[in-house]
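Take any residue in the sequence shown, note its place counting from 1, add 74, and you have its number in this note's numbering.
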Amino acid sequence: MAQSIYTVKQVNSYIKNMFTQDYMLGRIYVEGEVSNCKYHTSGHIYFSLKDESGTIACVMFAGQRGGLSFRLCDGRQVVAFGGVNVYERSGVYQLYVREVRLDGDGVLYERFQMLKKELEEMGMFAPEYKKPIPAYVSRVGIVTAPTGAAVRDIMNIAARRNPYVQLILYPAQVQGEGAKESIVRGIRMLEKTGVDVLIVGRGGGSIEDLWAFNEEEVARAIFDCRIPVISAVGHETDTTIADYVADLRAPTPSAAAELAVYDYRQTRMALEDCRLRITRLLTQKTAMSRMRLKEYQTRFQYLHPRYKLQEQQQRLADLEEALRKRMEDRLRDSRHRLAICMEAMKGLSPIQKLNQGYSYVESADKTVIKRIGQIQAGERLSVYVTDGIIRAQVEETTGYPERRTDSVR
75 MAQSIYTVKQ VNSYIKNMFT QDYMLGRIYV EGEVSNCKYH TSGHIYFSLK DESGTIACVM
135 FAGQRGGLSF RLCDGRQVVA FGGVNVYERS GVYQLYVREV RLDGDGVLYE RFQMLKKELE
195 EMGMFAPEYK KPIPAYVSRV GIVTAPTGAA VRDIMNIAAR RNPYVQLILY PAQVQGEGAK
255 ESIVRGIRML EKTGVDVLIV GRGGGSIEDL WAFNEEEVAR AIFDCRIPVI SAVGHETDTT
315 IADYVADLRA PTPSAAAELA VYDYRQTRMA LEDCRLRITR LLTQKTAMSR MRLKEYQTRF
375 QYLHPRYKLQ EQQQRLADLE EALRKRMEDR LRDSRHRLAI CMEAMKGLSP IQKLNQGYSY
435 VESADKTVIK RIGQIQAGER LSVYVTDGII RAQVEETTGY PERRTDSVR
């Protein structure tokens, strides 16, 4: 019997026809983890779906990407809908994907992204709405489960940093049915107590465990809270809607306690440093002020009215002495001139003349007799000599022959 020989193309076409005729393979949902995901420049997406037992190649053409609401990436758990067929050129079968949806955690992740986008468009993540965390608080409100590592971490960190800060715990349900309502009640109740800051959070877990902090009601309660809110949900890699809405995100509950409660020891050391600096500055300032005061005191000694008066008194004394000296000099000069004048006038003095043997003769009517023609015989005369007056009577007058009478004046 002759053997039938087929070409590669015929075999691949036959296998492809078998896949095409199988109704189940034409409309099939395949669940698996995405791997080797590549976005081609043509718009096609090439990836594989795998589980613990094997791998199947997948392709999603650019025309089918309209139904993809998220970005495919390695490690994401998805459910792909499409048909299995053979690519004749390579002779391998692959899943031609028409739709992709997230599976399990992936569905929750899709809901997370949709709510995040919606709230972001509403402006609930805007930085201008973020309230500053007070630097020094006295009362801290905590919304978390009463048991678990989160509340213990917060209590330990707060006690170590500042034992004087009061912690007020609202024992909230943070997981499962009724968790979101419990968290909202805790936020609103602690807000009424007038705490300085709120810590809302819990320890780590899966996305389902943390889902209560991805609910819109919790996000709105945090956004509407008048007290600054610090979110502390899960571990550092966990991110929830509450983290975006809160005024400050802490990577862990322990970090939230460190952000909310100031370190008393560091503050005390800082205050001590400030005290020392102030003391040093005051000491320097006081020393400088004393030096300046001493300088002013020295200057005021010269500018004091008493010293001014003393200076004027000294000046007046000097002027008085100078005036006295000048007066004495003037008197001495005047006396000297007077002595000269007196000496000069001695020759003109009648008394001096009298002392030299001359006399002074007056008539009865007090007329000075200078010529014999002024008197007649019998008239009475007064003769003044050095030591007195002589009363005399004229007997006769005799003129000098050698001298003319009219020459005597």
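For each residue, glycine too, the CB sits at the ideal point set by N, CA and C.
query: Taking the CB atoms as reference points, tell me whether G215 and Y238 lie closer together than 8 Å.; result: no
query: Measuring alpha carbon to alpha carbon, tell me which of G140, M188, T81 and V158 ends up nearest Q95.; result: V158
query: Using the C-alpha atoms, what's the distance from R226 back to F293?; result: Rather than Phe, the amino acid found at residue 293 in this sequence is Ala. So the alpha carbons of these two residues sit roughly 25 Å apart.
query: Any contact of the segment 295 to 311 with the segment 254 to 263, i.e. 3+ C-beta pairs under 8 Å?; result: yes
query: Which same chain residues, not among the five before or five after Y113, have their C-beta less than 7 Å away from its C-beta?; result: I119
query: Given this structure, state the Cα-to-Cα distance separating K204 from F297, to the nearest angstrom.; result: 9 Å
query: In angstroms with no decimal places, state the Cα-to-Cα distance between M246 and A253.; result: The amino acid at residue 246 is misidentified as Met; the sequence shows Ala. Each residue's Cα considered, the two are about 7 Å apart.
query: Between E107 and the rest of its own chain, which residues show a CB-CB distance below 6 Å, the 5 nearest in sequence each way excluded?; result: K124 and Q151
query: CA-CA distance, Q467 and P475?; result: 23 Å
query: Could you give the DSSP three-state label for G275: helix, strand or coil?; result: strand
query: Pick from A320, Q371, V217 and E291: whose alpha carbon is nearest that of P206?; result: A320
query: For V258, name the three-state secondary structure that DSSP assigns.; result: helix
query: Let's see if you can read the secondary structure: which residues bound the alpha helix (DSSP H) around L333?; result: P327 to A334
query: Which term fits K190, buried or exposed, when burial requires 16 or more other beta carbons within 10 angstroms of its beta carbon?; result: buried
query: On the DSSP letters alone, give me the boundaries of the alpha helix (DSSP H) that P379 sits inside.; result: P379 to K420
query: Can you check the segment 294 to 360 for any beta strand (DSSP E) of at least 3 residues that lies completely inside it and give the ranges in chain order?; result: 303 to 307
query: Identify whether T479 lies in helix, strand or coil by the three-state DSSP scheme.; result: Its pLDDT being 46, under 50, T479 is placed unreliably in this model, and the coordinates cannot settle the point.
query: Please classify Q95: does DSSP put it in a helix, a strand, or coil?; result: helix
query: Taking only three categories from DSSP, how would you classify L146?; result: coil
query: If you count every other CB in all the chains shown that lies within 10 Å of the CB of S212, and 16 or more means buried, which is it?; result: exposed
query: Using the beta-carbon count (16 or more within 10 Å), is M198 buried or exposed?; result: buried
query: Given this structure, state the Cα-to-Cα distance separating A209 from V217, to the nearest angstrom.; result: 20 Å
query: In chain order, what are the residue ranges of uninterrupted beta strand (DSSP E) at least 3 long that sit wholly in the segment 200 to 271?; result: 213 to 218 and 240 to 245
query: Quick check on DSSP: helix, strand or coil for F374?; result: helix
query: In terms of residues, what are the limits of the beta strand (DSSP E) holding F135?; result: Per DSSP, F135 belongs to no beta strand (DSSP E) and is neither H nor E.
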